[in-house]
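Numbering (the UniProt record's numbering), first residue to last: 1 to 415.
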């Protein structure tokens, strides 16, 4: 475990803001204060500060071989960040390479340690500045994301509030959709998963992966979609995710076939790097086109929205710089009259998702649900999707309500 204790004397993020004036008497400064406005001072040393930052890495094998249209995997890595202050511990995480922990240790911990624990947006900005020369998109953004989530969790715990109540709730429930349906599944595996979501848990929205082998098995894609519709019938909306695996003309052709199965959500029919093409497909399909899960910066979302490339914006707080940036992405979408859908990591997103008015839904992703229930077993904040929605903060547990189960997590610790 990597520890970054606070220095004996608390230092703030911008040393240039500190002057000897803080040691002068109030009477001495009163004349200057009334003569011209000053930048608001940093919180006093009586304010809670971040005392320590820890990182840990856990790698959990999948419960079966998994693949989507463009990638195959047999394990998933979670990078955990904990921040401590005033006797409380905040927890955040991202699904990312183990190297992400090194970015936290080397570039972010020194920025956060000793800083005011309640000033999360200020710390988020400072972390972005700290990775300037390392490059923001990718691992650095994910390191910021995990730390930002931990800071929000710490702040809510210090104030004794569920995070959703700290942010301010916009809704009571967070709709979810069941997500998995990997291209490696046979008919039996896919049917069992779909029935679990729809019949046992009452989730009325489900998604499967298509574009197998970069679109090389189109006939099987369409057969699997037809089979999924036969399993769920009219009891659930049916979504598909191509993970950018199709070419432009193929995506249009597939979209027309999907319409016959009542598919209402077509995620990344082509790569989200090609916004003009994505827009062209959006204009030629009945299903809502969605993308944005690979957004690591706020300008990325603005460019996607300005291009008219999506009907619903996706954003992932464990990638895009944390809850701080995720909420801003939601606001960008709202300004254009669009919904936002939370991508994966449901327990990291649920509280923030309940705080935005333009939420479409949150992804109840098979892998991440397994891992979060394993590592955070017994936590009051573990959520139940029964009926197709989550109710974060319903029991009043402060923060995200998650606690690492160290004993169960230990066998999966890899860093």
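Positions of the beta carbon are idealized from the N, C-alpha and C atoms, including for glycine.
In this model, residue 67 and residue 365 are separated by some 13 angstroms (Cα to Cα). As the crow flies, the alpha-carbon of residue 251 is around 29 angstroms from that of residue 346. Annotation: the continuous beta strand (DSSP E) that includes residue 56 extends over 52-67. Under DSSP, residue 237 takes part in a beta bridge, and its partners are 205. Relative to residue 120, the option among 80, 70 and 321 whose CA is nearest is 321.
Judged by DSSP in its simplified three-state form, residue 343 adopts coil rather than helix or strand. Rounded to whole angstroms, the gap between the alpha carbons of residue 71 and residue 243 is 9 angstroms. Per DSSP, the unbroken alpha helix (DSSP H) holding residue 215 starts and ends at 212-215.
According to the DSSP secondary-structure assignment, residue 361 is paired through a beta bridge with 341. In chain order, 257 place their CB closer than 6 angstroms to the CB of residue 222, counting only its own chain and leaving out the 5 sequence neighbours on each side. Cβ contact annotation for residue 358 (same chain, cutoff 8 angstroms, sequence separation greater than five): 330, 333, 334, 338, 339 and 340, in chain order.
A check of alpha carbon separations from residue 111 across 147, 78, 234 and 76 identifies 147 as the nearest. About 20 angstroms separates the CB atoms of residue 134 and residue 83; that is not less than 8 angstroms, and the two are not in contact. Residue 379 sits away from residue 396, with the two beta carbons spaced by 9 angstroms or more.
In this structure, residue 296 lies away from residue 99, with their beta-carbon atoms at least 9 angstroms apart. Here residue 246 carries a coil assignment [DSSP, helix/strand/coil].
Between residue 101 and residue 56, the C-beta spacing is below 9 angstroms.
By the Cβ rule, the segment 155-175 does not count as touching the segment 124-131, because fewer than three pairs are nearer than 8 angstroms. Between the alpha carbons of residue 300 and residue 348 lies a distance of about 21 angstroms.
For residue 386, no beta strand (DSSP E) run applies, since DSSP gives it neither H nor E. Note on residue 77: 16 or more other CB atoms within 10 angstroms of its CB, so buried under the neighbour-count rule. DSSP places residue 294 outside both helix and strand once states are collapsed to three, so it counts as coil. Residue 225 and residue 217 have their C-alpha atoms spaced approximately 13 angstroms apart.
When only Cα atoms are considered, residue 260 and residue 408 end up about 46 angstroms apart. Rounded to the nearest whole angstrom, the CA to CA distance from residue 91 to residue 353 is 17 angstroms.
Per the C-alpha coordinates, the member of 385, 412, 52 and 88 positioned closest to residue 114 is 52.
Boundaries of the beta strand (DSSP E) harbouring residue 315: 312-315, taken from the DSSP string. Around the beta-carbon of residue 336, fewer than 16 other beta-carbon atoms lie within 10 Å, marking it exposed.
Put simply, the backbone Cα of residue 62 is about 5 angstroms away from that of residue 75.
For residue 106, the three-state secondary structure derived from DSSP is helix.
Within the same chain, 77 and 139 come within 7 angstroms of residue 97 by CB-CB distance, once the 5 residues on both sides are set aside.
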